[in-house]
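Peer 1:
Chains as they are written, first to last, in our numbering: chain A, 21 to 165; chain B, 6 to 509; chain C, 108 to 430.
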């Protein structure tokens with residue numbers, strides 16, 4: 021069953037992609053093969069694969085996670101998204117301590133362990149990347165006067 | 006002038022105390038940088054350029070330092086691939102195929118040791134190729150035009166067959182999806198912008214690091230969350246830490262073949278180490294994998310890509326030194342450094358600046374030896390990383406992912422992209438779609454399209470250009486062999502061992 | 108009243124300019140990966156020479172901000188770091204070309220402040236040593252007679268600077284249908300050079316610095332330089348103008364600054380670039396790297412960039428590169 025669904029999803033994606041490709045405009049002097057041709061070929065191939073998966077749809081049964089695990093996954097993903105929005109305003113160390121603490125807690129650490137782990141990792145990596153490797157990481161906009 | 010006396014002069018340069026020190030520093034820094042996802046040798050070299058100027062180092066010393074970082078990072082790359090299933094760069098994705106299963110079986114030690122040995126093997130063997138065949142190979146690189154690249158990409162695509170466990174259709178779908186991801190951004194020939202949804206950040210396409218970390222590191226974290234009960238068990242290390250003689254001898258021919266093919270692919274500017282690893286892995290799977298153990302923790306599956314990517318890294322120096330065309334991003338930076346010393350790499354480099362060429366070649370040899378000595382004793386220590394509880398290890402993986410992805414473009418947007426690909430990767434895993442073909446597709450996609458278009462542009466739209474010339478025909482022959490060989494070998498082994506059931 | 112006040116303040120500011128602004132933690136953004144022309148501009152005339160001359164305190168940090176052919180850095184500077192007075196950004200004719208062709212999603216040359224140029228790389232047309240063509244005239248006439256038989260290889264995308272030089276040349280030569288002139292795009296001049304050496308491209312379009320090594324090795328021949336006068340390193344090569352094609356293609360290497368900086372800071376950086384351009388340290392390195400002198404600073408340079416952007420826009424429209 022789930023293979024059938026996968027086949028349909030692939031077919032829809034391929035159609036959408038192919039439609040997008042067909043609307044691309046070829047610029048001046050792009051030669052015998054323009055910017056849309058390669059994507060169109062790919063869309064066609066993917067659509068054929070989608071149909072084939074739909075037809076042959078095997079008895080493959082995915083092992084989906086339990087509800088409790090989905091909660092964990094959802095929480096971690098939400099925290100990743102939050103991290104992307106927080107890293108610049110509150111800075112690398114604060115954002116990473118919170119984020120890493122949460123991941124640590126989800127993997128079974130106690131609260132104090134999680135926070136200590138988060139803080140330790142973020143400070144250590146900040147030091148390594150910023151001071152040793154010269155990579156620039158945000159220090160936090162709200163802390164600047 | 007004979008090669009040995011020139012090489013002797015090269016060793017005289019390489020063995021000067023200052024240069025020995027620089028090789029050591031470079032190799033060490035490179036190893037550390039290689040272990041961290043997202044931060045490549047390019048960053049480290051770019052940071053060190055002003056320092057080498059400030060110290061007033063001569064050109065050959067700077068190059069020796071930078072080259073040390075470059076191949077040092079090739080050693081370091083494999084460590085996180087094997088232990089955590091987190092490849093730091095595209096060229097170490099293949100190392101995860103067998104390295105990570107080995108680590109899960111408690112054989113992290115031998116996997117790491119093999120990776121160091123194969124790296125050394127590929128690295129040093131290719132230095133000899135560099136010394137003896139550089140002028141010859143630069144002529145070969147010149148003969149490699151768009152049509153040749155396109156057929157090489159087709160050949161590399163047949164590596165897909167070795168990444169297929171179970172459903173071929175699904176692997177194919179994954180690979181085409183990878184090719185499609187490669188079409189995002191400004192088209193490689195002209196000015197048409199494709200599938201960026203108005204995001205200026207996507208103009209240059211999806212960044213490799215973002216995709217690899219999303220698909221591997223993030224989806225691995227999510228996958229573990231989805232399978233284990235909170236708390237999880239701690240991995241054990243079983244058996245020896247060191248590699249056995251049997252494992253070593255079984256990999257000798259694997260390393261030899263992979264080094265040669267890796268080197269040749271590395272010589273072609275733009276083809277790169279990643280393609281070399283895929284080709285080496287699939288070739289070896291076809292040649293030596295009679296028991297169908299590749300992908301399930303076969304040590305030869307670690308030896309092949311590691312020998313190939315180190316060999317390719319050395320090969321990439323040939324077009325840089327003898328033609329002035331960098332074969333990879335890192336060699337481009339080294340090229341720029343040479344230019345700022347007023348040294349122009351090109352056909353005359355070996356005559357005008359023998360110290361640079363021969364000093365570099367000799368120091369590469371010394372550096373690889375150092376790396377082997379540096380890496381082997383730490384194998385046991387690195388392997389112990391797996392004994393760290395999950396609630397410490399997983400946050401480290403997550404944070405390394407963030408830093409690696411963020412530092413590519415200093416862009417939080419990339420963290421969102423990475424998360425999206427992580428979730429997609431999890432769903433694909435659960436639905437039985439393999440992830441490695443996506444990476445293969447992404448690596449090959451742009452090169453395939455751009456060279457298809459260039460070749461047809463040259464031929465005024467005549468497709469017969471893909472069947473003209475000796476190199477193209479040889480590549481087609483390889484492609485055919487690699488498509489047919491698995492069936493032939495299967496027939497042979499089935500006849501030899503009737504009724505043998507294949508493992509899980 | 109307010110306006111008058113501004114004028115007075117401006118006058119005051121410019122008279123005090125050098126005393127007022129002290130740079131600290133300076134940074135140069137190279138809008139591409141390490142190893143290219145912008146990276147060189149930041150690292151050599153920027154970080155290296157400015158530190159050697161003692162113009163800036165300590166060292167200058169170089170950041171590589173890749174994306175959109177310089178567009179990501181441009182957008183970042185205009186929107187995020189508009190008032191960062193310690194920041195300069197490397198630019199070249201490629202930047203002007205993309206601004207002219209409106210590739211930077213609505214941003215224009217007026218969005219930033221142009222500081223000055225430190226040198227220029229003049230365009231060249233080259234052929235391999237076994238090519239039958241000895242002069243630019245011979246090559247151009249042959250192409251005009253049978254454009255389908257000739258492919259140029261160059262290091263920029265279609266519509267980019269290397270392609271534009273060919274189109275300008277053929278336009279000056281009186282080609283009727285410019286879309287018949289064939290151009291194959293590669294990733295950088297080095298890769299395009301291999302096409303010439305491999306015998307696949309009939310001619311190479313690029314910059315002087317990209318061909319010096321191969322010319323020195325006797326592998327290729329430069330047929331014409333797109334410069335106003337002959338270049339010292341190639342004294343025997345005629346310019347395109349000498350051969351009857353009125354085309355000049357200078358790929359200048361320059362810096363710009365964020366739009367919101369004070370005039371003190373602007374004047375400081377203009378003066379810094381001027382000092383670099385005049386220094387022996389830079390001029391030695393410049394010549395080694397095949398760059399010609401190209402000295403325009405401050406207001407003069409701003410005016411020049413505006414004019415060039417307008418000119419490239421018109422040409423691109425005329426040539427059919429813009430829809």
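A virtual CB, placed ideally from N, CA and C, is assigned to each residue, including glycine.
Could you check whether residue 226 (chain B) and residue 399 (chain B) sit closer than 7 Å to each other, using their CB atoms as the reference points?
Peer 2: The answer is yes: Cβ separation under 7 Å.
Peer 1: Note the first and the last residue of the continuous beta strand (DSSP E) segment covering residue 171 (chain C).
Peer 2: Element bounds for residue 171 (chain C): 168 to 171.
Peer 1: Count the other CB atoms within 10 Å of the CB of residue 472 (chain B); is the residue buried (16 or more) or exposed (fewer)?
Peer 2: Exposed: under 16 other Cβ atoms inside 10 Å.
Peer 1: Does the stretch 184 to 196 of chain B come close enough to the stretch 450 to 459 of chain B that 3 or more CB-CB pairs lie under 8 Å?
Peer 2: Yes: the two stretches touch, three or more of their Cβ pairs being nearer than 8 Å.
Peer 1: Near residue 134 (chain C), which residues of its chain fall below 7 Å by C-beta distance, leaving aside the five closest residues on each side in sequence?
Peer 2: Closer than 7 Å at the Cβ level, and outside the excluded window around residue 134 (chain C), lie 167, 168, 170, 193, 194.
Peer 1: For the stretch 348 to 382 of chain B, which residues have a CB atom closer than 9 Å to at least one CB atom of chain A, in sequence order?
Peer 2: Against chain A - using a Cβ distance shorter than 9 Å - the stretch 348 to 382 of chain B contributes no residues.
Peer 1: Under 8 Å by Cβ, that's how I've got residue 44 (chain A) and residue 52 (chain A) pegged, so tell me the actual separation to the nearest angstrom.
Peer 2: That pair is no contact at about 16 Å.
Peer 1: Of all the CB atoms in chain A, is at least one closer than 7 Å to the CB of residue 389 (chain B)?
Peer 2: False, the Cβ-Cβ gap to chain A never drops below 7 Å.
Peer 1: Spatial neighbours of residue 386 (chain C) within its chain, please: C-beta separation below 7 Å, excluding the five flanking residues on both sides.
Peer 2: 156, 160.
Peer 1: Have a look at the DSSP bridge pairing and note the partners of residue 36 (chain A).
Peer 2: Answer is none; residue 36 (chain A) lacks a bridge partner.
Peer 1: Identify whether residue 302 (chain B) lies in helix, strand or coil by the three-state DSSP scheme.
Peer 2: Of the three classes helix, strand and coil, the one that applies to residue 302 (chain B) here is coil, per DSSP.
Peer 1: Looking at chain B, is there any beta carbon in it that lies within less than 7 Å of the beta carbon of residue 147 (chain C)?
Peer 2: Answer yes: the Cβ-Cβ gap between residue 147 (chain C) and chain B drops below 7 Å somewhere.
Peer 1: Is there a Cβ of chain D sitting closer than 7 Å to that of residue 350 (chain C), yes or no?
Peer 2: In the displayed structure, chain D is absent; the protein chains listed are A, B and C.
Peer 1: Looking at the structure shown, is residue 264 (chain C) part of a helix, part of a strand, or coil, going by DSSP?
Peer 2: Correct three-state label for residue 264 (chain C): coil.
Peer 1: Cα separation between residue 480 (chain B) and residue 168 (chain B)?
Peer 2: When rounded, the distance between both Cα atoms is 20 Å.
Peer 1: Does residue 62 (chain B) pass the burial test, meaning 16 or more other C-beta atoms within 10 Å, or should it be called exposed?
Peer 2: Residue 62 (chain B) comes out buried.
Peer 1: What's the gap between the Cα of residue 221 (chain B) and the Cα of residue 388 (chain C)?
Peer 2: Residue 221 (chain B) and residue 388 (chain C): Cα-Cα distance of roughly 48 Å.
Peer 1: So if DSSP puts residue 232 (chain C) in a beta bridge, which residue, or which two residues, is it bridged to?
Peer 2: Beta-bridge pairing links residue 232 (chain C) to C:312, C:331.
Peer 1: Does residue 338 (chain B) come within less than 7 Å of chain C when only Cβ atoms are used?
Peer 2: Closer than 7 Å to some Cβ of chain C, the Cβ of residue 338 (chain B) qualifies, so yes.
Peer 1: Exposed or buried, residue 79 (chain B), counting other C-beta atoms within 10 Å across all chains shown (16 or more means buried)?
Peer 2: Result: buried.
Peer 1: Just grab the DSSP bridge partners of residue 221 (chain C) for me.
Peer 2: DSSP output for residue 221 (chain C) lists C:363 as bridge partner(s).
Peer 1: Please state whether DSSP places residue 134 (chain C) in a helix, a strand or coil.
Peer 2: In the structure shown, residue 134 (chain C) sits in a strand (DSSP, three-state: E or B).
Peer 1: CA-CA distance, residue 156 (chain A) and residue 148 (chain A)?
Peer 2: When rounded, the distance between both Cα atoms is 11 Å.
Peer 1: Could you check if residue 289 (chain B) is buried or exposed, using at least 16 other CB atoms within 10 Å of its CB as the buried criterion?
Peer 2: So residue 289 (chain B) ends up on the buried side.
Peer 1: Does the count of Cβ pairs from the stretch 97 to 117 of chain B and the stretch 293 to 304 of chain B closer than 8 Å reach three?
Peer 2: Because the criterion of three Cβ pairs below 8 Å is met, the stretch 97 to 117 of chain B and the stretch 293 to 304 of chain B touch.
Peer 1: Considering only C-alpha positions, which residue in the set A:63, A:101, A:134, A:58 is nearest to residue 418 (chain B)?
Peer 2: For residue 418 (chain B), the nearest C-alpha among the options comes from A:101.
Peer 1: Using C-beta distances below 7 Å, list every residue in its chain close to residue 318 (chain B), excluding the 5 sequence neighbours before and after it, in chain order.
Peer 2: The residues are 75, 76, 79, 271, 278.
Peer 1: Strictly below 9 Å CB to CB, what residues from chain B border residue 143 (chain A)?
Peer 2: What residue 143 (chain A) touches in chain B: nothing, since even the nearest Cβ is about 11 Å away.
Peer 1: For a test of the three-state rule: what should DSSP assign to residue 403 (chain C), helix, strand or coil?
Peer 2: The answer is strand: DSSP assigns residue 403 (chain C) an E or B state.
Peer 1: Could you check which residue in B:262, B:108, B:157, B:172 has the C-alpha nearest to that of residue 449 (chain B)?
Peer 2: The option with the nearest alpha carbon to residue 449 (chain B) is B:157.
Peer 1: Any idea if residue 151 (chain B) is buried or exposed, counting beta-carbon neighbours within 10 angstroms, 16 or more meaning buried?
Peer 2: The residue in question, residue 151 (chain B), is buried, as its Cβ has 16 or more Cβ neighbours within 10 Å.
Peer 1: CA-CA distance, residue 219 (chain B) and residue 142 (chain B)?
Peer 2: Rounded to the nearest angstrom, the two C-alpha atoms are 37 Å apart.
Peer 1: Using a Cβ cut-off of 9 Å, pull out every chain C residue sitting near residue 54 (chain B), in sequence order please.
Peer 2: The answer, in chain order, is 141, 150, 154, 155, 169.
Peer 1: Classify residue 422 (chain C) as helix, strand or coil using the three-state DSSP reduction.
Peer 2: Residue 422 (chain C) falls in the helix class under three-state DSSP.
Peer 1: Looking at the unbroken alpha helix (DSSP H) that takes in residue 291 (chain C), where does it start and where does it end?
Peer 2: Where residue 291 (chain C) is concerned, there is no enclosing alpha helix (DSSP H), although the beta strand (DSSP E) it sits in stretches over 289 to 292.
Peer 1: Report all residues from its chain with a CB closer than 7 Å to the CB of residue 64 (chain B); omit the five preceding and five following residues, and keep chain order.
Peer 2: So the qualifying residues of the chain are 343, 346, 348, 361.
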